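A.B. asks: From first to last, the protein sequence lines are chains U and H.
The first sequence begins at 1 in the UniProt record's numbering and counts up by one.
The second sequence begins at 1 in the UniProt record's numbering and counts up by one.
Note that beta-carbon positions come from the ideal geometry of N, C-alpha and C, so glycine has one too.
On a predicted model such as this, the values are computed, not experimentally measured, just so you know.
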Amino acid sequence: MTVLARAAQVSRRYGDVLALDRVSLDIRAGELVGLLGPNGAGKSTLINLFVGLRRPTSGTVELLGGSPQDPLVRQGIGVTPQETGLPEALRVGEIVDFVSAHYPRRADKGELLARFGLQDLARRQIGGLSGGQRRRLAVALAFAGEPRMVFLDEPTTGLDVEARRALWDGVRSFHEQGGTILLTSHYLEEIEALARRVIVVGHGRVLADDTVTAIRDVVGTRRVSLTAAELPELPGVLSSEREDGRIHLLTADPDRLVVELVRSGTPFSGLEIRPTTLEEAFLAITSKETADV
Amino acid sequence: MSSLVLAHTRYQLLEQIRVPLGLVASAFFPAASMLAFVVPFAGDDPAGATRATGSMMLIGAMSAALMGLSISVAQDREQPWNPYLRTLPAGPFPRFAGRILTTMAVMLVAAVPVLVIAALLTKASVTAPRLALGMAALLAGSLPFMLIGLFLGFLLPSKAAIGVSQVVFFPIAIVGGLFMPPQVMPEFLQALSPYAPSRGAAELVWSAATGATPGTTGIVMLVVWTVAAALAAAWAYRRDEGRRFS
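If you want it as structure tokens, here you go:
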């Protein structure tokens, strides 16, 4: 399948900070890919490189077979503005017209607004919209030029359930018609609802690139912490580390681990089980992999 | 390409009309100066009143160019909307053109109250072709100020742009002989005056409106200022791009 967006060994440095560290990935036509990771992981930098806002420090970024810096190439993509920046004085219909004017193919205004539940608001000034309406408008603008590929940065953060559903439906219908989407989020639920493929980034690197199901299993790990002198061999331990006299174990099945622990008769105290953050889970797993090699 | 210029101009004009504060500010100041200085002191002298009317129109145009443009460019740069616009498939030209055309429209609007006051309350007179020529001279003479406005807007944060553009505006207007005729200024100002961009612009407007021969130094310096301001604006734009988007 055609690759629409490609990063090859891309690094991006801001002064002393390495925001992206030799990232390589391909996004093919028709894919709906979720880019998952905590704030500061490098998601926005990656998107900025793909949409031509920044250049890589090293490596190459390709978009629709060309350079993202080329306006002609960008005729094939759509991007969401941050809804806080929408020009307040303009009406909803006017801003759609303005954005559409940049593209050779244009979505029908009424249909576009309806797709995102904004059909009655075309004549409303943007300054008078609610937060959720602004967010939906911002996402709708990405589709104004009938793009082949859209980049959606945190599309539903802060939206209520109903607005989120409306937005997801709009994104899905674009995908069903063959559109390609790269979506960022720091919520796994959002990515799960939409994407099949997930790319997890952390500390500027791709930590995992897999199906939603596979990623979900990894994210489902729990951290079991306890104080003990010595531990026996326990089942399902993904990683273990000792810190200030306490032992932290990562596992996908904390129940079984605790049962085995009790059964072994090892003395322990201060048992604590909590969900891991995405970052913890992936860092633990990647560092384990490197250690095993 | 031209449809994009149109789209950007439309967008800028809508913003200008919906938040008309800038428009009112640009139109108010020259009209007020006209009432305060020109009507009582030069209103009865046809040639003097015509010249002074030209000066006041130029003051309005300069304020729209220097202050209006620098502040709006500096403010836009701070908005998250700015990087979004850069992802749209267009180079910087349509945005620039849209801004310049919108500023010109503001200048023409700002000139209207001055013209009305001149027609009703002074002996200033002008033929229709000379009025049209004067308007053209106004737009041409404002070019360096628009470029300086862009330069300041790309260089400074918005708060600094507000202050600096005002600080730059008044001395330039005074030295150029816009508030009082060059002949009545102190000698050192008279000597300095032809080298100010405002003097060349004023000479253009005065000669267009009254048929007087413009001073050569002023016109040459206007061209020099325009080229220098264009280079400075281009430099500031690239510098800003490099900082934000490299």
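Can you name the residues of chain H whose CB is closer than 7 Å to the CB of residue 86 of chain U?
C.D. replies: In the first sequence, residue 86 of chain U corresponds to position 86, counting from 1. In chain order: 81.
A.B. asks: So, using beta-carbon positions, are residue 183 of chain U and residue 221 of chain U closer together than 8 Å?
C.D. replies: Taking the first residue of the first sequence as 1, we reach residue 183 of chain U at position 183. Taking the first residue of the first sequence as 1, we reach residue 221 of chain U at position 221. Going by C-beta atoms, residue 183 of chain U is not nearer than 8 Å to residue 221 of chain U.
A.B. asks: Counting only beta-carbon separations shorter than 8 Å, does residue 9 of chain H have a partner in chain U?
C.D. replies: In the second sequence, counting from the first residue as 1, residue 9 of chain H sits at position 9. It does not: the Cβ of residue 9 of chain H has no partner Cβ on chain U nearer than 8 Å.
A.B. asks: Taking only beta-carbon atoms, is residue 268 of chain U less than 8 Å away from chain H?
C.D. replies: The residue you call residue 268 of chain U lines up with position 268 of the first sequence. With 8 Å as the cut-off, residue 268 of chain U does not count as an interface residue toward chain H.
A.B. asks: Just to confirm the assignment, what range does the alpha helix (DSSP H) spanning residue 120 of chain H have?
C.D. replies: For the purposes of this step, residue 120 of chain H is identified with residue 120 of the second sequence, where counting begins at 1. Start and end: 93-121.
A.B. asks: Can you check which of these residues, U/152, U/111, U/51, is closest to residue 88 of chain H by C-alpha distance?
C.D. replies: Along the second sequence, read from residue 1 onward, the residue named residue 88 of chain H stands at position 88. Of U/152, U/111, U/51, the residue nearest in Cα terms is U/51.
A.B. asks: Using a Cβ cut-off of 8 Å (strictly closer), state whether residue 2 of chain H contacts chain U.
C.D. replies: Your numbering for residue 2 of chain H matches position 2 in the second sequence. No Cβ of chain U is located within less than 8 Å of the beta carbon of residue 2 of chain H.
A.B. asks: Suppose only complete runs of 4+ residues qualify. What are the alpha helix (DSSP H) ranges in the stretch 132-161 of chain H, listed by chain order?
C.D. replies: If only complete runs of 4 or more residues are kept, the stretch 132-161 of chain H shows no alpha helix (DSSP H) anywhere.
A.B. asks: Beta carbons nearer than 9 Å to chain U: which residues of the stretch 73-100 of chain H have them?
C.D. replies: 79, 80, 81, 82, 83, 84, 85, 86, 87, 88, 89, 90, 91, 94
A.B. asks: When burial is assigned at 16 or more other CB atoms within 10 Å of the CB, is residue 116 of chain H buried or exposed?
C.D. replies: Residue 116 of chain H sits at position 116 when you count from the first residue of the second sequence. Exposed: under 16 other Cβ atoms inside 10 Å.
A.B. asks: Is the CB of residue 241 of chain H under 8 Å away from at least one CB in chain U?
C.D. replies: Mapped onto the second sequence, residue 241 of chain H falls at position 241. Output row for residue 241 of chain H: interface = no.
A.B. asks: On the three-state DSSP scale, how would you describe residue 164 of chain U?
C.D. replies: Stepping through the first sequence from its first residue, residue 164 of chain U is reached at position 164. Looking at residue 164 of chain U - three-state DSSP - the assignment turns out to be helix.
A.B. asks: Pop quiz: residue 60 of chain H and residue 111 of chain H are said to be a contact at Cβ under 8 Å. What is the actual Cβ separation, rounded to whole angstroms?
C.D. replies: The residue labelled residue 60 of chain H in the question sits at position 60 within the second sequence. The residue labelled residue 111 of chain H in the question sits at position 111 within the second sequence. Right, their Cβ atoms sit about 6 Å apart.
A.B. asks: Mind listing which residues of the stretch 46-62 of chain U have their C-beta closer than 7 Å to chain H's C-betas, in chain order?
C.D. replies: 51, 52, 53, 54, 55
A.B. asks: If we call anything under 8 Å between Cβ atoms a contact, is residue 197 of chain H one with residue 178 of chain H?
C.D. replies: As a working note, residue 197 of chain H is residue 197 in the second sequence. As a working note, residue 178 of chain H is residue 178 in the second sequence. Not closer than 8 Å, so no.
A.B. asks: Beta-carbon of residue 146 of chain U versus every beta-carbon of chain H: anything under 8 Å?
C.D. replies: For the purposes of this step, residue 146 of chain U is taken as residue 146 along the first sequence, with counting starting at 1. Answer no: the Cβ-Cβ gap between residue 146 of chain U and chain H never drops below 8 Å.
A.B. asks: Within 8 Å (strictly less), CB to CB, does residue 138 of chain H reach chain U?
C.D. replies: Position 138 of the second sequence, counted from the start, is the residue given in the question as residue 138 of chain H. Chain U contact via Cβ: absent.
A.B. asks: Under 8 Å between beta-carbons, which chain U residues line up against residue 238 of chain H? List them in chain order, please.
C.D. replies: As a working note, residue 238 of chain H is residue 238 in the second sequence. Within 8 Å Cβ-Cβ: nothing; residue 238 of chain H doesn't reach chain U, min ~14 Å.
A.B. asks: Grouping DSSP H, G and I as helix and E and B as strand, with all else coil, what is residue 28 of chain H?
C.D. replies: Position 28 of the second sequence, counted from the start, is the residue given in the question as residue 28 of chain H. Correct three-state label for residue 28 of chain H: helix.
A.B. asks: Anything in chain H within Cβ reach of residue 71 of chain U, meaning under 7 Å, just list it in chain order.
C.D. replies: By 1-based counting over the first sequence, the position of residue 71 of chain U is 71. The answer, in chain order, is 89, 90, 91.
A.B. asks: At the 8 Å Cβ level, is residue 102 of chain U part of the contact set with chain H, yes or no?
C.D. replies: As a position in the first sequence, residue 102 of chain U is number 102, starting the count at 1. So, interface residue.
A.B. asks: CB-CB under 8 Å to residue 33 of chain H, same chain, minus the five flanking residues each way: which ones, in chain order?
C.D. replies: By 1-based counting over the second sequence, the position of residue 33 of chain H is 33. For residue 33 of chain H, where only same-chain residues beyond five positions count, the Cβ hits under 8 Å are 56, 59, 179.
A.B. asks: Check distances from the C-beta atoms of the stretch 106-131 of chain H to those of chain U and list, in chain order, the residues that come in under 8 Å.
C.D. replies: none
A.B. asks: So that I know if they touch, is there some Cβ in chain U lying closer than 8 Å to that of residue 14 of chain H?
C.D. replies: Mapped onto the second sequence, residue 14 of chain H falls at position 14. Interface residue, yes.
A.B. asks: Let me check understanding here. Comparing Cα to Cα, which of U/210, U/54, U/177 lies closest to residue 191 of chain U?
C.D. replies: On the first sequence, residue 191 of chain U is found 191 positions in, with the first residue counted as 1. The option with the nearest alpha carbon to residue 191 of chain U is U/210.
A.B. asks: What in chain U is Cβ-close to residue 251 of chain H, meaning under 7 Å?
C.D. replies: Missing from the structure shown is residue 251 of chain H; chain H here goes from 1 to 246 and no further.
A.B. asks: Does residue 51 of chain H pass the burial test, meaning 16 or more other C-beta atoms within 10 Å, or should it be called exposed?
C.D. replies: Counted from its first residue, the second sequence places residue 51 of chain H at position 51. With 16 or more other Cβ atoms within 10 Å, it is buried.
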